[in-house]
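See below for the structure under consideration.
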Amino acid sequence: MTTENKDVPASPWAAWLTGLIVSSARDLEKAGRACHRFESKILEAFEKRPIQKWEADRWFRGLKLRLIRTADYFFRAGAGKRAPLSLFVRNAAGLNVGLRREAITQAATYITLVTDYGYPRGTTRFESRWMDVVVYDPDRPEAGDIFEDTFSDSSPRIYAENKAEETVLRKLCGRLETEFATHVPVVEEPEPGNHKAGDDALMKAHHIWVNRPRFFWAVSPTLRQAYRVDYGDTGFRLFAEPDIPHAAG
């Protein structure tokens, strides 16, 4: 388990990224495309869960290497997702109402897998098969359109799951470790854009059981925990590891 040091001095890139997102919030509020006090809400969200040094450093690295591309408050990460992802949450009326804090960690996780662990861009995918970030087995053939899920015949090597809060991530991991050792209930995938539907742990267990990754990597802004996934006839268990393997491992 890796716990990020919250007392590390803030990176200048963290201040830059925070300022960029807050500026976008201000512009949206002035344009009438966000809720009342939207800029203040985003500032309060960052005060509660500030961008960590490792996240900001990966964002800067990702932009420099063109692993991620931004346009105002939207961004694209890698080649596996056609539509850009917003850093803000919208309500049913189409107004921006909050910060999608998890997306910042999610993009940083994707960049970390490519630049720190050495996984190829072509086999590291952002939001694939309902999983946050996936590294597919490079030994399995790839086929199809690069903008679609091209790994329909490939087995994931690593499934990375992101949460904005460490306590939420720990709770999820606690359930996934042993709760589904003998049975994984069948669940229906939520409608596109509906990320709050159903039991989250049950949904993640379903993703693991169906896609069969060899490793599960739980990542929040302040915590990273690697697991080896062992499968039985009717379920699986997670066993904590010091870290996920590097590309050559």
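One gets the working numbering by counting positions in the sequence shown from 1 and adding 15 to each. Using N, Cα and C, we set each Cβ at its ideal position, and we do this for glycine too.
Go through the stretch 165-240 residue by residue and report every complete run of the beta strand (DSSP E) that reaches 3 residues or more, in order.
Correct list: 171-177, 230-235.
Report the CB separation of residue 112 from residue 50 in whole angstroms; it is logged as a contact under 8 Å.
Cβ atoms of residue 112 and residue 50 come within 8 Å of each other, at about 5 Å.
Kindly identify the DSSP beta-bridge partner or partners of residue 86.
Answer by DSSP bridge pairing, in chain order: 89.
Would you give the residue range spanned by the alpha helix (DSSP H) that residue 33 belongs to?
Element bounds for residue 33: 27-45.
For residue 88 and residue 57, what's the separation of their Cα atoms in angstroms?
Near 12 Å, if we compare the C-alpha coordinates of residue 57 and residue 88.
Any idea if residue 177 is buried or exposed, counting beta-carbon neighbours within 10 angstroms, 16 or more meaning buried?
Taking a 10 Å sphere around the C-beta of residue 177, we find 16 or more other C-beta atoms and assign the residue as buried.
Residue from 75, 228, 99, 98 whose Cα sits closest to the Cα of residue 246:
The alpha carbon of residue 246 has as its nearest neighbour, out of 75, 228, 99, 98, the alpha carbon of 228.
Does the Cβ of residue 147 have 16 or more other Cβ atoms within 10 Å, making it buried, or fewer, making it exposed?
It counts as buried.
Provide the residue span of the alpha helix (DSSP H) that contains residue 71, from first to last.
Residue 71 -> alpha helix (DSSP H) spans 68-79.
Are the beta-carbon atoms belonging to residue 138 and residue 125 less than 8 Å from one another?
With contacts defined by Cβ atoms closer than 8 Å, residue 138 and residue 125 do not form a contacting pair.
Coarse secondary structure for residue 98, derived from DSSP in three states:
Correct three-state label for residue 98: coil.
For residue 92 and residue 166, the rounded distance between their alpha carbons:
Confidence is the limiting factor: at residue 166 the pLDDT is only 48, short of 50, which leaves the residue's position unreliable, though a coordinate-based value still follows. Their Cα atoms are separated by approximately 17 Å.
Is DSSP giving residue 49 helix, strand or coil here?
Three-state result, residue 49: strand.
Rounded to whole angstroms, what is the Cα-Cα separation between residue 40 and residue 149?
C-alpha separation (whole angstroms): 30 Å.
Where do the ends of the beta strand (DSSP E) carrying residue 128 lie?
Note, residue 128: premise wrong, no beta strand (DSSP E); alpha helix (DSSP H) at 116-130.
Helix, strand or coil, according to DSSP, for residue 252 in the structure here?
It is a strand residue.
Cα-Cα separation between residue 194 and residue 231, rounded to whole angstroms
Roughly 15 Å between the two C-alpha positions.
Quick one: is residue 59 buried, meaning 16 or more other Cβ sit within 10 Å of its Cβ, or exposed?
Note on residue 59: under 16 other CB atoms within 10 angstroms of its CB, so exposed under the neighbour-count rule.
State yes or no: is the C-beta of residue 84 within less than 8 Å of the C-beta of residue 90?
In this structure, residue 90 lies closer than 8 Å to residue 84 by Cβ.
Hey, how far is the Cα of residue 64 from the Cα of residue 236?
Straight-line Cα distance between these residues: approximately 8 Å.
Who pairs with residue 152 in a beta bridge, going by DSSP?
DSSP lists no beta-bridge partner residue for residue 152.
Whole-angstrom distance between residue 37 and residue 123, CA atom to CA atom
Straight-line Cα distance between these residues: approximately 19 Å.
In terms of residues, what are the limits of the beta strand (DSSP E) holding residue 138?
Going by DSSP, residue 138 is part of no beta strand (DSSP E) at all; its letter is neither H nor E.
Just to confirm, are residue 73 and residue 127 a CB contact at a threshold of 8 Å?
Result yes, Cβ atoms of residue 73 and residue 127 sit closer than 8 Å.
Determine the direct distance from the alpha carbon of residue 42 to that of residue 220, and round the result to whole angstroms.
The alpha-carbon atoms of residue 220 and residue 42 are separated by roughly 40 Å.
Within 10 Å of its beta-carbon, does residue 135 have 16 or more other beta-carbons around it, so buried, or fewer, so exposed?
Residue 135 is exposed by the Cβ-count criterion.
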